[in-house]
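Below is one structure, written out as C-alpha cells; the observations come after it.
Protein chains: 2
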Amino acid sequence: MAQDKSLLPIGVFDSGLGGLTVLRHLRERFSHEDFVYLGDTARIPYGSKSPRTIQRYLAQNLAFLNHLSVKAVVVACNSASTQARFVESPVPLYEVIGPGALRASITTQNSRVGVVATRATVMSECYPKEIEKLKPSIEVFQQACPLLVPLVEEGWDDDPITNLVVYRYLSPLLAAGIDTLILGCTHYPILKKAFAKVLGGHVQMVDSAEAIGDQIERDFQLHKLPAKHDGRTGTFHLYTTDVSDTFEALARRILAPNPSAKLELAEI
Amino acid sequence: MAQDKSLLPIGVFDSGLGGLTVLRHLRERFSHEDFVYLGDTARIPYGSKSPRTIQRYLAQNLAFLNHLSVKAVVVACNSASTQARFVESPVPLYEVIGPGALRASITTQNSRVGVVATRATVMSECYPKEIEKLKPSIEVFQQACPLLVPLVEEGWDDDPITNLVVYRYLSPLLAAGIDTLILGCTHYPILKKAFAKVLGGHVQMVDSAEAIGDQIERDFQLHKLPAKHDGRTGTFHLYTTDVSDTFEALARRILAPNPSAKLELAEI
Numbered sequence: 028m029a030q031d032k033s034l035l036p037i038g039v040f041d042s043g044l045g046g047l048t049v050l051r052h053l054r055e056r057f058s059h060e061d062f063v064y065l066g067d068t069a070r071i072p073y074g075s076k077s078p079r080t081i082q083r084y085l086a087q088n089l090a091f092l093n094h095l096s097v098k099a100v101v102v103a104c105n106s107a108s109t110q111a112r113f114v115e116s117p118v119p120l121y122e123v124i125g126p127g128a129l130r131a132s133i134t135t136q137n138s139r140v141g142v143v144a145t146r147a148t149v150m151s152e153c154y155p156k157e158i159e160k161l162k163p164s165i166e167v168f169q170q171a172c173p174l175l176v177p178l179v180e181e182g183w184d185d186d187p188i189t190n191l192v193v194y195r196y197l198s199p200l201l202a203a204g205i206d207t208l209i210l211g212c213t214h215y216p217i218l219k220k221a222f223a224k225v226l227g228g229h230v231q232m233v234d235s236a237e238a239i240g241d242q243i244e245r246d247f248q249l250h251k252l253p254a255k256h257d258g259r260t261g262t263f264h265l266y267t268t269d270v271s272d273t274f275e276a277l278a279r280r281i282l283a284p285n286p287s288a289k290l291e292l293a294e295i
Numbered sequence: 028m029a030q031d032k033s034l035l036p037i038g039v040f041d042s043g044l045g046g047l048t049v050l051r052h053l054r055e056r057f058s059h060e061d062f063v064y065l066g067d068t069a070r071i072p073y074g075s076k077s078p079r080t081i082q083r084y085l086a087q088n089l090a091f092l093n094h095l096s097v098k099a100v101v102v103a104c105n106s107a108s109t110q111a112r113f114v115e116s117p118v119p120l121y122e123v124i125g126p127g128a129l130r131a132s133i134t135t136q137n138s139r140v141g142v143v144a145t146r147a148t149v150m151s152e153c154y155p156k157e158i159e160k161l162k163p164s165i166e167v168f169q170q171a172c173p174l175l176v177p178l179v180e181e182g183w184d185d186d187p188i189t190n191l192v193v194y195r196y197l198s199p200l201l202a203a204g205i206d207t208l209i210l211g212c213t214h215y216p217i218l219k220k221a222f223a224k225v226l227g228g229h230v231q232m233v234d235s236a237e238a239i240g241d242q243i244e245r246d247f248q249l250h251k252l253p254a255k256h257d258g259r260t261g262t263f264h265l266y267t268t269d270v271s272d273t274f275e276a277l278a279r280r281i282l283a284p285n286p287s288a289k290l291e292l293a294e295i
C-alpha cells in the first residue's frame, strides 16, 4: 500500500534559528500539519558565504530532511533560497524569494520597494530580478544589513544601539522614497518594532513567513500539496547541526510561549 | 636524506581572517620564515559553536595544514585554542591562551585582569583557569562580546556605533577596576582605537599576536623549533575554506600595505 503522503510532515530548513519565525507562522496557520525543522547552526551564517558553498550545504540539509520523510521542504533562509533552483529535490521545494517579491509588488502604491537582507541575498540580486519579472516598472532599492542577525542573537532586539544600526541601514532606502520594505532575512521579523520606529506609518513591511504561507495555502487549495485532515493538532520537531544553551534560549524566545523548544542534534 | 625541517613553513590557523593580525605580527618579527595561513571562512564564527563541533573542525583544519608540510601550527583563533589540547597533532601546536594569560599576569599591577572574547572562549573559562595556575591572587573579569567580530567585518571599526557597543561591553570591566585587558579574539586588535577611547590611559591591552610571538621567539632560542636561516625573505600563502570579494577586501585591509592578499580555496 502506498504511503498516504498527506500525513507526512513539512520540512522547514534555515541556516539557523531565524527560520523559527516562519515555523511559528506556518503552525498558527496550518495547525493540523506536522513540521520538522532543521537549523544549520553549526555553519551559520550563510549570508556571507559564496553561492557554491551554500549549494553544497543546502544539498546536504535537504538530504537530511528527505531521509526523515517529508512531503515538502520550505527553505526559510533567504540566502539559501537564492540557490534553491540549483539543487535537486525529490519533494516540492518552497523558497521565500518568489512569494516575498509577489507580495511586495502587490503592496507597493508608488512602485518603490526596499529590500533589507544579508550580503549574499543582496549580491544575488534575487529580489530585483523576481520583481522585474512580475512588474518591470517597480524600482527596487537594496541594503545589506550584516549586523542585524548578530544583534538579534545577542538579544538586543529592543535596544537603542539596534535602533541606531537600523536607522543607519534604512536611511538610504527612506531617502529613496520607498513605501514597501521586504524583510529579506528570517531574523528580521524579530526586529519589526525597531524597523517600525524608523520607517514610520507610511511604509509597509513584507514578512517572508506570511508570503510563503500564502503560497502553501494556495497549493493546498489546488491540491498540489496534500493537506493533512486527520483532525489531530500537528506536532513539531527541531533539529540543529549544533546545540548550545544560547541556541536553546533563542529558540525559546522565538517560539514563546510554546514551551517545547528542545533542540536535537543533526550531525551533517 | 632527511628533510631540513627548518625550511618548512609555519602554519597559522584561524576560524576566519582575524588571525591575519597574528600572521602580520609574526611576519614582521620573523621575517625569514615562510607562512601558510588557513582561515575557515566557510564555517566562521567558531565563537558560538559547541566544544565538540570546534574539535571536529580543528582536527580537519590541522590535517589540511599538515598535508602541506609545516613545522608547527599556530592556532590563532581563541575559540579553537580552547580545544587545542583535545586534538592530536604530529607537529608542535601553539595556542594563544597560555601566552596571553602569561603576559597579562606579568602586566597587571593591581591583580585585576579583564578578558574580552567570544561567547565560546568566555564559557570555556580558559583565561581564568590559566591565570589561576600562574598567579592565583589575580582576579579575572570576563565579558563575551559577540557583536565585535561582525562590526569589524562590516568595516565599522572606527565608528560611533562601534564605540557605543565597546563602551557597553567594557563598562562592567571598568567598574570592576581592571588595569589590564586581554584582547581574547584575533579580530579585536583591529578595534584597539575604540578600546583605547573607552579604557583611557591606565588600562594596558594584551594582544595575542605579541604574546604568541614571545613564545615562538623563546622556542627558536631554545632550539625547540628550528628557525630558518637561509637569508631569504619569507613568503606566505593564504588559504580559506570559502572565498568571496568581502573576504578578500578584509584580508587586504588587515595586511595593508602588503598587496599580496590573494585567497586560495581550501575545500575541507
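Protein chains in written order, with our numbering: chain R, 28 to 295; chain C, 28 to 295. Glycine residues also receive a C-beta, built at the ideal position from the N, C-alpha and C atoms.
- Put simply, of 181/C, 38/C, 76/C, 81/C the residue whose alpha carbon is nearest the alpha carbon of residue 96/C is 38/C.
- Residue environment: residue 61/R is assigned as buried (16 or more neighbouring CB atoms within 10 Å of its CB, all protein chains considered).
- Counting C-beta pairs with one atom in each stretch, the region 224-238 of chain R and the region 199-208 of chain R have three or more that are closer than 8 Å, which means they touch.
- Using a Cβ distance threshold of 8 Å, residue 57/C and residue 82/C do not count as a contacting pair.
- Interface annotation, residue 47/R: not in contact with chain C, CB-CB separation never under 8 Å.
- Under DSSP, residue 62/R shares a beta bridge with 37/R, 263/R.
- For secondary structure counted as the alpha helix (DSSP H) over 4 or more consecutive residues, the region 180-212 of chain R holds these complete runs in sequence order: 187-202.
- Annotation note: the region 122-188 of chain C contains the following uninterrupted alpha helix (DSSP H) runs of length 4 or greater, listed N- to C-terminal: 124-134, 146-151, 153-161, 175-180.
- Looking at the DSSP output, residue 290/C sits in a beta bridge with 265/C.
- Taking C-beta atoms under 8 Å as the contact rule, residue 44/R and residue 283/R fail to qualify, at a distance of about 13 Å.
- Residue pairing from DSSP places residue 234/C in a beta bridge opposite 210/C.
- Look at residue 225/C here: in three-state DSSP terms it is helix.
- About 15 Å separates the beta carbon of residue 275/R from that of residue 293/R, a gap too long to meet the 8 Å contact definition.
- Shortest Cα-Cα distance from residue 33/R to any of 254/R, 111/R, 263/R, 88/R involves 254/R.
- Short of 6 Å from the beta carbon of residue 231/C, and not among the five residues preceding or following it, lie these beta carbons of its own chain, in chain order: 134, 207.
- Against chain R, the CB of residue 69/C has a partner CB under 8 Å away; the residue lies at that interface.
- For the pair residue 178/R and residue 192/R, the CB atoms are nearer than the 8 Å cut-off.
- When the Cα atoms are used, residue 138/C and residue 164/C turn out to be separated by approximately 7 Å.
- A Cβ of chain C is located within less than 8 Å of the beta carbon of residue 191/R.
- Closest in alpha carbon position to residue 234/C, among 265/C, 181/C, 143/C, 74/C, is 143/C.
- Taking 8 Å as the cut-off, the beta carbon of residue 205/R is found closer than this to the beta carbon of residue 140/R.
- Taking every protein chain shown into account, the CB of residue 127/C has 16 or more other CB atoms within 10 angstroms, so this residue is buried.
- Per DSSP, the unbroken beta strand (DSSP E) holding residue 99/R starts and ends at 99-102.
- A residue is called buried once 16 or more other Cβ atoms fall within 10 Å of its Cβ, and residue 187/C, having fewer, is exposed.
- Contacts with chain C at 8 Å (Cβ-Cβ) do not include residue 233/R.
- Here DSSP, grouped into helix, strand and coil, assigns residue 120/C to strand.
- By the rule that beta-carbons nearer than 8 Å mark a contact, residue 146/C touches chain R.
- Chain-ordered, the chain C residues with CB closer than 7 Å to the CB of residue 270/R read 77.
- For residue 190/C, same chain residues with a beta-carbon under 8 Å away, outside a window of 5 residues either side, are 221, 224, 225 in chain order.
- Residue contact with chain R for residue 166/C: absent (no Cβ-Cβ distance below 8 Å to any residue of chain R).
- Within chain C, the residues whose beta carbon sits less than 8 Å from that of residue 273/R are 75, 146, listed in sequence order.
- Sequence-distant partners of residue 265/R (beyond 5 residues in either direction) whose C-beta falls short of 6 Å from its own C-beta, in its chain, are 64, 290.
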